[in-house]
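Reading through the structure tokens given below for one structure.
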Amino acid sequence: MDDVTDRVFRDIINKCYPPNLYFTEFVNVDGLVSKGRETLRKKLDHPKTEKNLVAQIWGLNPLNFYQIAKEIADNEFGKFLGVDLNMGCPDKVVVKNGACSALINNRELAKDIIEATRKGLKGKLPLSVKTRLGFNKLDYSWIEFLLNQKLDMLIVHARTRTEMSKVPARWDSFKTIKELRDKISPNTLIVGNGDILNYQKALELIEEYKIDGAMIGRGVFQDPFVFSKKSPWESYTKKQKLDLLKTHVELFKKTWNDSRPSNILNKFCKIYINNFDGSKQLREDLMNSKSSDELLFKINKQIDLI
Ligand SMILES: Cc1cc2nc3c(=O)[nH]c(=O)nc-3n(C[C@H](O)[C@H](O)[C@H](O)COP(=O)(O)O)c2cc1C
């Protein structure tokens, strides 16, 4: 998730309870082959110790998908377990440019992108697509089209682009998606996504729809232990939460060294500084910090007071 699942937050989640697979933020291939490469590549760079990571890429030019897929397969950005193509992002600007979820309406380009990426990967890494149920309306012809591309994995966020995240995820669509998969491309793994808030729910949905996996997105905002069978988060004390935020901010400073704005940390304050006496006021104060140093100073002061 953009500005969320950077290597810092993935490290924090790892310390809490890791999922089987992580996905990077979506990274633009057209930017990666331009002057912006050095800044952008930091979103893909990761330590050798991080072994269960999939690179998610997006863009417009198939040649750039080919080039970046080749580099990923050759470990230019560290070792990855696979490459995922974002064909689901609903962002207005992205869609206006014809990328991500706009590809639902441009299947010729979607096909070229998939083929170019596959060629770049040279069979060294598996290829997946993450998408939505359709653009304006539920459109199984899009899912059929993707299954005909014989992907290794298809991840479906069970909403259309128009629905953004405003309606409940339409999990019943996985009945049809699963049938289409069995008919068109039995070797493509199907992963469901949308509104899963805990491990138990993920297991139930996998079981109910007989799919291969589940992806959790915003669930991490409510519980950094969301991938564990039994999360201790509800009984976490104010001190434990502040300690976790402190670890996050220190790691953020060390990793990004001011190359990312510190206000990105605000959404993490919302995760950690919650559900204890005075949390609302403290959270607001922390989120008003003008730098990561100021934020750290305030966190340390609070910890000293406990
Ligand atoms: C802040 C934010 C950033 C996101 N960035 C990405 C992204 O980079 N790539 C992607 O595939 N989905 C991204 N998503 C969508 C989520 O991965 C997920 O599909 C969506 O939130 C629905 O799943 P959920 O209900 O589990 O969150 C993002 C969502 C949010 C809220």
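Residue numbers (this note's numbering): 123 to 428.
Beta carbons: idealized from backbone N, C-alpha and C, even for Gly.
Quick caveat, the model's predicted, so the values are computed rather than measured.
Taking the straight line between their C-alpha atoms, what separation do you get for residue i and residue j?
{"i": "residue 168", "j": "residue 218", "result": "31 Å"}
{"i": "residue 337", "j": "residue 345", "result": "15 Å"}
{"i": "residue 349", "j": "residue 185", "result": "37 Å"}
{"i": "residue 280", "j": "residue 260", "result": "9 Å"}
{"i": "residue 312", "j": "residue 272", "result": "12 Å"}
{"i": "residue 327", "j": "residue 354", "result": "22 Å"}
{"i": "residue 382", "j": "residue 161", "result": "10 Å"}
{"i": "residue 325", "j": "residue 298", "result": "19 Å"}
{"i": "residue 302", "j": "residue 369", "result": "45 Å"}
{"i": "residue 427", "j": "residue 362", "result": "14 Å"}
{"i": "residue 156", "j": "residue 352", "result": "45 Å"}
{"i": "residue 319", "j": "residue 384", "result": "27 Å"}
CB-CB under 8 Å to residue i, same chain, minus the five flanking residues each way: which ones, in chain order?
{"i": "residue 176", "result": "143, 144, 145, 146, 202, 203, 204, 205, 206 and 250"}
{"i": "residue 404", "result": "395 and 424"}
Leaving out five residues before and five after residue i in sequence, what residues of the same chain have Cβ atoms less than 7 Å from its Cβ?
{"i": "residue 231", "result": "225"}
{"i": "residue 387", "result": "371, 374, 414 and 417"}
{"i": "residue 420", "result": "407, 408 and 411"}
{"i": "residue 124", "result": "147 and 148"}
{"i": "residue 246", "result": "195"}
Can you give the beta carbon distance from residue i to residue j, rounded, assuming they're within the 8 Å contact cut?
{"i": "residue 209", "j": "residue 253", "result": "4 Å"}
{"i": "residue 148", "j": "residue 179", "result": "7 Å"}
{"i": "residue 315", "j": "residue 277", "result": "6 Å"}
{"i": "residue 347", "j": "residue 138", "result": "5 Å"}
{"i": "residue 223", "j": "residue 257", "result": "6 Å"}
{"i": "residue 274", "j": "residue 248", "result": "4 Å"}
{"i": "residue 228", "j": "residue 181", "result": "In fact, because the Cβ distance is near 13 Å, the residues do not count as touching under 8 Å."}
{"i": "residue 333", "j": "residue 305", "result": "Actually they are not in contact, since the Cβ atoms of residue 333 and residue 305 sit about 15 Å apart, beyond 8 Å."}
{"i": "residue 293", "j": "residue 321", "result": "Not confirmed; about 16 Å, so no contact."}
So, for residue i: in the same chain, excluding its five sequence neighbours on each side, which residues have a beta-carbon less than 6 Å away from its beta-carbon?
{"i": "residue 430", "result": "Lying outside 123 to 428, the shown extent of the chain, residue 430 is not represented and no answer is given."}
{"i": "residue 307", "result": "269 and 272"}
{"i": "residue 154", "result": "162 and 190"}
{"i": "residue 335", "result": "313"}
query: Can you find at least 3 beta carbon pairs, one from the segment 374-383 and one from the segment 126-136, that sit closer than 8 Å?
result: Note that the segment 374-383 touches the segment 126-136; at least 3 beta-carbon pairs, one per stretch, sit closer than 8 Å.
message: Quick check: the segment 358-365 against the segment 390-402, are at least 3 beta-carbon pairs closer than 8 Å?
response: Yes, the segment 390-402 is in contact with the segment 358-365.
task: Let me have the residue list for ligand 1: C-beta closer than 7 Å to any non-hydrogen atom, ordered along the chain.
output: Every residue with a CB closer than 7 Å to a heavy atom of ligand 1 is listed here in chain order: 123, 124, 125, 126, 145, 147, 148, 178, 208, 210, 211, 252, 279, 287, 291, 315, 316, 317, 318, 337, 338, 339, 340 and 341.
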